[in-house]
Amino acid sequence: MSFKRRKKNKAKRSSAPLTPWEQEQQRRQERLQAEKKKTELRPEYDKNLPKMKKKRTQRLKKHEKVLLTFFLIIALVTLYFILPISRVTSVKIDTSYAESKNEILRAINLKYYESLFSVWPQTEQIKKNIKKEVPSVKSVDISYQGSKIAIKAHEYPMAGYLKKGKDQYRITTSGSVSVQKIPKDTGRYPVYYSFKSKKVLTQTAQQFSKFSPEIKQSISEIHAAPTKVDPVRIKLYMNDGNQIIAKSSTVAKKMKYYPNISVNMDKPGIVDLEVGAYSYPYDEKK
């Protein structure tokens, strides 16, 4: 049989339908080839399997740590809310003047065992309230020490005592007057009388802060003595028996002449610093 005829017969057999036995053999061959291919790929897969298991274990441990940390934080926060450390148990107020403590305590308006979480965000507002309600306070520092609150109030220096009827109140160099009355004065500061004008009182207190320590200690009383011509006229009563007439707006500037004037006075009298700077005895008329 020639080659062409064999080729032709083979082509006829290939185009002819396969018998059931041939179909089964063909499927068997295909399965064998698939298994052989898997066998060839398996060593590579087996080689990478430990690495895949290690990565998976690491991911699981990482997730466990995240969850554990989250629940631990929740537990600590819950515990903090339960413990007394999260509540206001005491307020310590440090001031220059004892009577300011009650004024500041009213201004902050804090309650015992109040949550610190509601207090912390209001710290700046509490400072503003203190400065508004207690004018003698110049600045405020607030610190938290566990469940305790420490308030340090920096106040203006004292300028004397304002007399109102039978009571007297503290005056600072800013012109602010205390809300609470003072039981009794110490004698270290002058007493202010008859001040009906807030402006004149403030000017006098501010001018007093400019006096030398010696002059401050030599004044016993300061009176408002306005006239139609001079509504800011004041009188200062000195411990040496002299009386000074001056303006509340310029008395600090003129007061520097007083030591020399008083030394040259033969007896107690009046020192007029309202316009010029001169003195005369009490029994001498202008």
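284 is the number that UniProt numbering gives to position 284 of the sequence shown; each next residue is one higher, with no gaps.
Even glycine gets a Cβ: it sits at the ideal position worked out from N, Cα and C.
Quick caveat: nothing in here was measured; it's all calculated off a predicted structure.
For R31, collect the residues of the same chain with a Cβ closer than 7 Å to its Cβ; drop the 5 residues on either side in sequence, then sort them by chain order.
none
Comparing alpha-carbon positions, which option in S90, L201 and K253 lies nearest Y161?
The shortest C-alpha separation from Y161 is found at L201.
For E214, report the span of its alpha helix (DSSP H) as first-last.
P213 to Q217
What is the residue span of the beta strand (DSSP E) that A150 lies within?
K148 to E155
Quick one: Cα of residue 295 to Cα of E103, how far?
For residue 295 there is no data in the structure shown, the boundaries of the chain being 1 and 286.
Is it the case that the Cβ atoms of V271 and S262 are separated by a distance below 8 Å?
yes
From A98, I222 and K53, pick the residue whose C-alpha is nearest to that of I182; which is it?
A98
Count the other CB atoms, across all protein chains shown, that sit within 10 Å of the CB of R27; report buried if there are 16 or more and exposed otherwise.
By the 10 Å Cβ count, R27 comes out exposed.
In this structure, what does DSSP give as the bridge partners for M238?
I219
Starting from A252 and walking both ways along the beta strand (DSSP E), at which residues does that stretch end?
Note, A252: premise wrong, no beta strand (DSSP E); alpha helix (DSSP H) at V251 to K254.
Give every residue of the same chain whose Cβ lies closer than 6 Å to the Cβ of F208, excluding the five residues on either side of it in the sequence, and list them in chain order.
These residues qualify, in order along the chain: A159.
Using a Cβ-Cβ cutoff of less than 7 Å, which residues in the same chain neighbour K254 once the five nearest sequence positions on both sides are dropped?
A246, L273 and A277
Quick one: what does DSSP say P259 is sitting in, helix, strand or coil?
helix
Quick one, which of F211, S220 and Q206 has its alpha-carbon nearest Y193's?
Looking at the Cα atoms, S220 is the closest of the given residues.
Considering only the beta carbon of each residue, do P190 and I222 sit closer than 8 Å?
yes
In the stretch 66-153, which residue ranges form an unbroken alpha helix (DSSP H) of at least 4 residues, counting only runs that do not cross its ends?
100-108, 116-119 and 123-133
Figure out for me which residue from Y112, Y144, R106 and K53 has the closest Cα to the Cα of I130.
R106
Less than 8 Å separating the beta-carbons of S174 and T204?
Going by beta carbons, S174 and T204 fall outside the 8 Å limit.
Give the range of the beta strand (DSSP E) segment to which T172 is assigned.
D167 to T172
Which same chain residues end up closer than 8 Å to A11 when comparing Cβ atoms and leaving out the 5 residues on each side of it in sequence?
Here the model assigns A11 a pLDDT of 49, short of 50, so the residue's position is not dependable, and the following value carries that caveat. Nothing meets the Cβ criterion.
Less than 8 Å between the beta carbons of K235 and Q243, yes or no?
yes
Less than 8 Å between the C-beta atoms of K54 and S90, yes or no?
no
Which same chain residues, not among the five before or five after G241, have their C-beta less than 8 Å away from its C-beta?
P268
Are there 16 or more other CB atoms within 10 angstroms of the CB of F70, so buried, or fewer, so exposed?
exposed
Quick check on D283: buried or exposed, where buried means 16 or more other Cβ atoms within 10 Å of its Cβ?
exposed
Taking C-alpha atoms, which residue in P157, I85, S86 and I108 lies nearest to I93?
Residue I108 is the option with its Cα nearest to I93.
Give me the DSSP bridge partner(s) of residue 288.
Because the chain is modelled from 1 through 286, residue 288 falls outside the range shown and cannot be assessed.
Check each candidate in F117, E114 and A153 and name the one with the smallest Cα separation from K132.
A153
If you count every other CB in all the chains shown that lies within 10 Å of the CB of Q168, and 16 or more means buried, which is it?
buried
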